[in-house]
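Novice: Reminder that position 84 of the sequence shown reads as 235 in the numbering used here, one-by-one numbering, no gaps.
All residues carry an ideal CB built from backbone N, CA and C; glycine is no exception.
Here's a structure for you.
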Amino acid sequence: MKRVITYGTFDLLHYGHINILRRAKELGDYLVVVVSTDEFNWNEKQKKCYFSYEQRKAMVEAIRYVDLVVPETNWEQKRTDVHKYDIDVFVMGDDWKGKFDFLEEEGVEVVYLPRTPEISTTQIKTDLNKK
Ligand code: C2G
C-alpha cells in the first residue's frame, strides 16, 4: 500500500485541482489531502476563501481519487504528517518546486507535478468580475 500526500486550499475547486489529485493518486494506492483551514489561509497565505474549510473539505472528500482529508493549520506540520499518515510520496504542483525537498530527509519521495496552465482560482474570480 503506497501512500501519497498533498496539500492545498482548493477554493473554488476547478479542473486544475482535479488534475493534480488524479495524478497524485496514480503515484500510489491511498491519497491523503491536507486542506488549509480558513485561519491558516488568512494568517499565512493572505487568502480569503470563498468557501469555508468545512465546505472545501466536503468537496475534496467527494473526489474519487481522495481517501482522506485532514486540516492544514501551519507550515511546519508536513514533517510530522508524513510519519503520522505513514506517507511514501509527497506531491505538489511545480509552482512549489524545490520548496519541500527537505521532506526527503524524512524518507519520503518528493514529486512536483506540472500545474494545469490557464486555470486558477484567481483567474476565475477575475473573469467573473468582468462579466
Ligand atoms: N494546482 C495545479 N494547477 C492549477 C492550480 C493549482 O496543479 N491550475 C495545484 C497546485 O500546484 C497545488 C494544488 O493544486 O499543488 C492546490 O493548489 P491551491 O489550492 O492553490 O493550494 P496552495 O495555495 O498552493 O497551497 O502547504 C502547501 C499549501 O497548502 C499549498
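Do Thr-157 and Met-243 have their C-beta atoms within less than 9 angstroms of each other?
Specialist: Cβ atoms of Thr-157 and Met-243: closer than 9 angstroms.
Novice: Going by DSSP, what residue range makes up the beta strand (DSSP E) through Arg-154?
Specialist: Element bounds for Arg-154: 154 to 159.
Novice: How close, in whole Å, do the beta carbons of Glu-257 and Val-233 come, if the pair is a contact with beta carbons under 8 angstroms?
Specialist: About 5 angstroms separates the two Cβ atoms, so the contact holds.
Novice: Spell out whether any CB of chain C is found under 9 angstroms from the CB atom of Glu-257.
Specialist: The question asks about chain C, but that chain is absent: this structure has only one protein chain.
Novice: For the alpha helix (DSSP H) containing Phe-191, list its first residue and its last residue.
Specialist: Per DSSP, Phe-191 belongs to the alpha helix (DSSP H) from 189 to 196.
Novice: Is the stretch 267 to 276 close to the stretch 154 to 172, with three or more CB pairs under 8 angstroms?
Specialist: Counting Cβ pairs under 8 angstroms, three or more are found: they touch.
Novice: By Cβ distance below 6 angstroms, which residues in the same chain neighbour His-168 in space, the five residues on each side in sequence not counted?
Specialist: These residues qualify, in order along the chain: Phe-161.
Novice: Out of Thr-272, Asp-245, Asp-246, Arg-230, state which residue places its alpha-carbon closest to the alpha-carbon of Val-259.
Specialist: When each option's Cα is compared against that of Val-259, the closest is Arg-230.
Novice: If you count every other CB in all the chains shown that lies within 10 Å of the CB of Glu-255, and 16 or more means buried, which is it?
Specialist: Burial call: exposed.
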